[in-house]
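Beneath this line is the structure, given in structure tokens, with notes to follow.
Number of protein chains: 2
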Amino acid sequence: MRSTWKQRLAAIDRRGFLATAGLSAACSQKGEQAADEEPPSQLGAQVSAYGERSPYETAKRLVPDLKRPQIGSTTTPLADTEGILTPSSLHFERHHAGVPPIDPARHTLLIHGMVDRPTVFTLDELKRLPSVSRIHFIECSGNSGREWKAPGAGDVQRGFGLASCSEWTGVPVSLLLEEAGLRRDAKWVLAEGADACKLFRSLPLDKLLRDALVVYAQNGEAIRPSQGYPLRLLVPGFEGNTNVKWLRQLKVVDEPYMAKDETSKYTDLMPDGKARIFTFVMDAKSVITHPSGGRKLSGPGFHEIRGLAWSGRGRIETVEVSTDGGKRWKASMLQEPRLPMAFTRFRMAWEWDGQPVELMSRAIDETGYAQPSREDLAAARGLQSSYHYTGIKAWRITASGEVHSV
Amino acid sequence: MRSTWKQRLAAIDRRGFLATAGLSAACSQKGEQAADEEPPSQLGAQVSAYGERSPYETAKRLVPDLKRPQIGSTTTPLADTEGILTPSSLHFERHHAGVPPIDPARHTLLIHGMVDRPTVFTLDELKRLPSVSRIHFIECSGNSGREWKAPGAGDVQRGFGLASCSEWTGVPVSLLLEEAGLRRDAKWVLAEGADACKLFRSLPLDKLLRDALVVYAQNGEAIRPSQGYPLRLLVPGFEGNTNVKWLRQLKVVDEPYMAKDETSKYTDLMPDGKARIFTFVMDAKSVITHPSGGRKLSGPGFHEIRGLAWSGRGRIETVEVSTDGGKRWKASMLQEPRLPMAFTRFRMAWEWDGQPVELMSRAIDETGYAQPSREDLAAARGLQSSYHYTGIKAWRITASGEVHSV
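Residue numbers (this note's numbering), protein chains in the order written: chain A, 2 to 407; chain B, 2 to 407.
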């Protein structure tokens, strides 16, 4: 007879399996139960208008210790998430002037510049227009940025948590620009937010016409304030900073503005001292979320390796996993539906023999782009960048089950 | 030149369109803006560990006025949701003894009965096993139940809000039963919850082996207490009551238990006085969420008709919409991905001419099952049931734009 899952879970520690011995096989309305389990005999909590999570659940965004906590970022605890969605309450944040307290009845979107009919939309008007819902990730281009200096991401949240995935609903930007009478010689669009710093970015018109949305809903309800309430520009697959929050205007122009956030920031310093600019697309990337840095395996035996992969260029086609430090690679199972520019959950069955080992994952997207090793990435781009780090991540497991970043 | 969207939105009231006249076409870091919009000059709110929605958003579950608010239901405000997901905080509730305060470290799942190895799983063990994530709706079989007596659902929330849709993650029931050594002569499974009333249901083994899950996560995070924390039985497409919350045991048996909730309750009284029992599957259904009962259209012009459709038998294939009280029907646009036994969002462009009108929707699933008219449903099943109402719903719009249930 093959091993049971219980035996595979507890290759050494058999406590779990033995605990099942001597159990009554009876089940009745009286409810016999295992000794550990004591169902309540009292009525539980009452129904409520807006639910909360269990007080036993404590996963949270990491709030850094900052002089000005309005200007900074928090990270999603990806190692504590399942599936492909990020709870809106845990979606990463990156603010440049805090979260503005916007009254949706007074918020408008202005479309102007190289258009025949400058137009202002109220939120009510936008919500009446033809709408689209799509599941997309947003990733800050600075995600995993510390890996440029040294591959030291201590855990998934610190190293990869500037990425999250939600279902977004809104209006195609193409509809709004056509409404305003887009001129044929237009080439770029400046998108500006309503925060105190009026963060804005220049974006290529063809991308916005192809698949960008002005979104007002996230995961079924109104977009959250820290994600841009009441309006956000959603530019699928482009770096997070271009997904302008609290969107207040789109100005159509013929060349980029060369704003602070596209010249001194959000550019990639190359080995020759020049910088790449307008590197919008987030390349394919993956990370094993379980087992992962800072966690500890309970013991040898069966573990399901789980992780997330995503690409700004389309669907994830394959995620290969190595359990021997990169010598051999094997395709993992990908959870369907695999959606373009969305998180894809990958999983692989694995039996840990208790020996030290290194786990790695490598994503390949539908364009054939394969996530590079740190060495290949460094050879192509040097190590002076702060943004767009996509190198393969390895976790080392010690004999005691501790998981460390490599 | 064709009408602009603004003109189509405001066929009569042109205020919105005229408001755009005379706007400056300049855009700079100084941020010229429409008069209504006053971006803040102060830093906004700081980053936070666990986000909340905007105080301007007030959609909530309806909490009935009950003597024992632990025993009752709340409904999802479906007319206020977008896309296909229901925010976990707004997922409908139906409790028979309140929400038990369960410590996940002490909660276990017992598998016993007609198995060779009665087995107890801790939550940690379950989370280590091979996992699956899927997006599925759950609908209480009593949803729209009042329509049996009279088609009086005043609004979407009251009439259809006992249905919600989430991404769920957990372990296939088939794996757990095989682990316990399922015997060949087994035919049914009793699933019991850990609430004070120990709610339980008998379920056909073949369905559980086919696609049921024991889930511990919902929409990316741990399942919510009001949805069964820490474990729920997820039986895709089966009536809500069978998706046993706070799951504590599965007992494998050879015949159903004929429990209270499958004999005196959750059965369908037929015209001949007999009752259908074990009518598990939720048939195809749809509802227009906008425009819908209790709301008011702002005026004639363009409106996007939006709604939700779902079927316990698989994918939604078509949703037809009528804007003339059922005389003519036209296929609506369905949002992809269309997933089996999940909400599907449908949309249709519509210009309201300001005349009284009746809107209706009709779902057809991949098995060819078409949502019946109230008359056809009554002819087949009489009007004595409380459960499984699936009749086509109509909303009547008056000349003043008020929307009423028909």
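Using N, Cα and C, we set each Cβ at its ideal position, and we do this for glycine too. Quick caveat: nothing in here was measured; it's all calculated off a predicted structure.
- Just so you know, the alpha carbons of A:Met-349 and B:Glu-126 end up roughly 17 Å apart.
- Sequence-distant Cβ neighbours of B:Gly-238 in its own chain, meaning closer than 7 Å and more than five residues away, are Val-282, Met-283, Gly-313, Arg-314 and Met-342.
- DSSP places B:Val-236 in the coil class of the three-state scheme, outside both helix and strand.
- Look at A:Thr-268 here: in three-state DSSP terms it is coil, with no helix or strand label.
- Straight-line spacing of the CA atoms in A:Pro-205 and A:Phe-161 works out to 27 Å.
- In this structure, the CA atom of A:Ser-49 is about 28 Å from the CA atom of B:Ala-46.
- Within the region 316 to 397 of chain B, the complete beta strand (DSSP E) runs of at least 3 residues fall at 317 to 323, 345 to 353 and 358 to 366.
- By the Cβ test, the region 178 to 188 of chain B is not in contact with the region 214 to 232 of chain B, since fewer than three Cβ pairs between them sit closer than 8 Å.
- Of all C-beta pairs linking the region 368 to 375 of chain A to the region 387 to 405 of chain A, three or more are shorter than 8 Å, placing the two stretches in contact.
- Here the alpha carbons of A:Leu-79 and B:Ala-106 stand approximately 22 Å from one another.
- Excluding sequence positions up to five before and after B:Leu-248, its CB lies within less than 7 Å of the CB of Leu-110, Ala-192, Gly-194, Val-215, Gly-229, Leu-232, Arg-233 and Leu-234, all in the same chain and listed in chain order.
- Bridge pairing for B:Val-121: B:Leu-111 [DSSP].
- Non-local C-beta neighbours of B:His-291 in its own chain, meaning closer than 8 Å and more than five positions away in sequence, comprise Ala-80, His-304, Glu-305, Ile-306, Arg-307 and Gly-308, ordered along the chain.
- Under the Cβ criterion of 9 Å, A:Thr-75 is counted among the residues facing chain B.
- Using a CB distance cut-off of 9 Å, A:Pro-40 counts as an interface residue toward chain B.
- The beta carbon of B:Lys-246 is closer than 6 Å to those of Gly-194, Gly-229 and Arg-233 in its chain, skipping five residues each way along the sequence.
- For A:Trp-247, the secondary structure class from DSSP, reduced to helix, strand or coil, is coil.
- Contact with chain B is absent for A:Tyr-267, since none of that chain's Cβ atoms lies less than 9 Å from the residue's Cβ.
- Residue-level contact check: A:Arg-363 does not touch chain B, since none of the beta carbons of chain B fall below 9 Å from its beta carbon.
- Shown here, A:Lys-286 sits in a strand according to DSSP, grouped into three states.
- For the pair B:Ser-142 and B:Thr-77, the CB atoms are not nearer than the 9 Å cut-off.
- In the structure shown, B:Val-64 adopts coil according to DSSP, grouped into three states.
- Short of 7 Å from the beta carbon of A:Ser-132, and not among the five residues preceding or following it, lie these beta carbons of its own chain, in chain order: Thr-170, Gly-171 and Val-172.
- Among the bridge pairs identified by DSSP, A:Val-404 is matched with A:Ile-398.
- For B:Val-133, the pairing in a beta bridge is given by DSSP as B:Gly-171.
- Cβ atoms of A:Arg-316 and A:Asp-366 come within 8 Å of each other, at about 7 Å.
- With fewer than 16 other Cβ atoms from the protein chains shown falling within 10 Å of its own Cβ, B:Leu-67 counts as exposed.
- Residue B:Leu-335 holds the alpha-carbon nearest to the alpha-carbon of A:Arg-135 among B:Leu-335, B:Leu-360 and B:Asp-354.
- Proximity of chain B to A:Gln-158 at the Cβ level (cut-off 8 Å) is not reached, the minimal Cβ distance being about 12 Å.
- According to the DSSP assignment, A:Leu-206 belongs to no beta strand (DSSP E) but to the alpha helix (DSSP H) extending over 206 to 212.
- Chain A has no Cβ within less than 9 Å of the Cβ of B:Arg-202.
- Per DSSP, A:Gly-302 is one residue of the beta strand (DSSP E) stretching across 302 to 311.
- Where A:Gly-160 is concerned, the enclosing alpha helix (DSSP H) starts and stops at 157 to 161.
- For B:Phe-93, no pairing in a beta bridge is given by DSSP.
- The Cβ neighbour count for A:Lys-286, taken over all protein chains shown within 10 Å, is at least 16; the residue is labelled buried.
- Looking at the backbone, the Cα of A:Asp-269 and that of A:Glu-263 are separated by about 10 Å.
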